[in-house]
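So that you can map any letter, position 103 of the sequence shown is 1521 in my numbering, and since no number is skipped, the others follow by simple counting. The beta-carbon is built from N, C-alpha and C at its ideal position, and this holds for glycine as well. Below: one structure, written as structure tokens.
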Amino acid sequence: MATIKKSAGRPLTQMDKRSALIDAARVLFVESDYEKVSVRAIAQQAGVDASLIRYYFQSKMGLFSEMVKETLAPMFDKIVQTNKQNAASSPEEILTTYYSIMSQNPDFPKLIYRTANLSPTDSNRELQANLLDLFPATRMTVFDQLKQADILRPEVDIMCAKMSFVSLLVFPFLMPELFKQAIGIESSPEFLQKLAKHNARLLRHGLIADEFQPSQDR
């Protein structure tokens, strides 16, 4: 089991304790199903009192939701930024930001996938509803905006572009280890950085009209 590193030599501040709970929740929820992770286990992993979970997050569900939100916050911030700038580089910027986050949390997408595919119980529906709240349709308008601005190639279908984009984002982190071994792929933060640049080029040349390509790519 992964452990949370704590700074030696000084007591934890309130913000330290909150961050420790977020980090501990990320580790444990990635490793085990939601219902198998107890409040007590999270507190022990974080090295804090279990009552702080209710104090900061109201419940285990609240902690789970906040952990997912904070882990993905840099990507959501980038999406908001790119929605405003409406630039040809927007899909690439979102993709590279996502890879940067996930290179530090390579199993986190498996948690999202697992949560999205839970059996339909009341508690699971609440988990999934909290997850969906983080992904409103209005957040992913980048391709619609690029199409309206005639930045995409004229033959590009918006739905296909979105599916390809999500596939490039998600699949590298969900690919079974057996398949990686079969074709000689060894995942590492360095490899993911290289893959991010490669997939960014695929997006650029597959979706963006020639006149909006960087000058060195024309």
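- Around the Cβ of LEU1550, a 10 Å sphere holds fewer than 16 other Cβ atoms; the residue is exposed.
- Only exposed fits ASP1628, as fewer than 16 other CB atoms lie within 10 angstroms of its CB.
- GLN1631 counts as exposed, since fewer than 16 other beta carbons sit within 10 angstroms of its beta carbon.
- The residue among TYR1516, ILE1530 and TYR1473 with its C-alpha nearest the C-alpha of PHE1494 is TYR1516.
- Around the C-beta of ASP1441, 16 or more other C-beta atoms lie within 10 Å, and the residue is accordingly described as buried.
- In the structure shown, ILE1576 adopts helical secondary structure according to DSSP, grouped into three states.
- A contact is defined here as three or more CB-CB pairs under 8 Å, and the stretch 1484-1494 fails this definition with respect to the stretch 1591-1610.
- Here PHE1482 is buried: its Cβ has 16 or more other Cβ atoms, across all protein chains shown, within 10 Å.
- Straight across, the Cα-Cα distance linking ALA1464 with GLN1566 is about 48 Å.
- Within the same chain, and ignoring the five residues on either side of PRO1527 in sequence, the residues whose Cβ sits closer than 7 Å to its Cβ are MET1520, VAL1588, PHE1591 and LEU1592.
- Short of 7 Å from the beta carbon of PHE1597, and not among the five residues preceding or following it, lies no beta carbon of its own chain.
- If you draw a straight line from the Cα of MET1485 to the Cα of ALA1506, it is about 31 Å long.
- Rounded to whole angstroms, the gap between the alpha carbons of ASP1568 and LYS1615 is 24 Å.
- Bridge pairing for LEU1587: absent [DSSP].
- If you look at LEU1552, you'll find it isn't in any alpha helix (DSSP H); DSSP assigns it neither H nor E.
- Rounded to whole angstroms, ASP1467 and ALA1461 show a C-alpha spacing of 6 Å.
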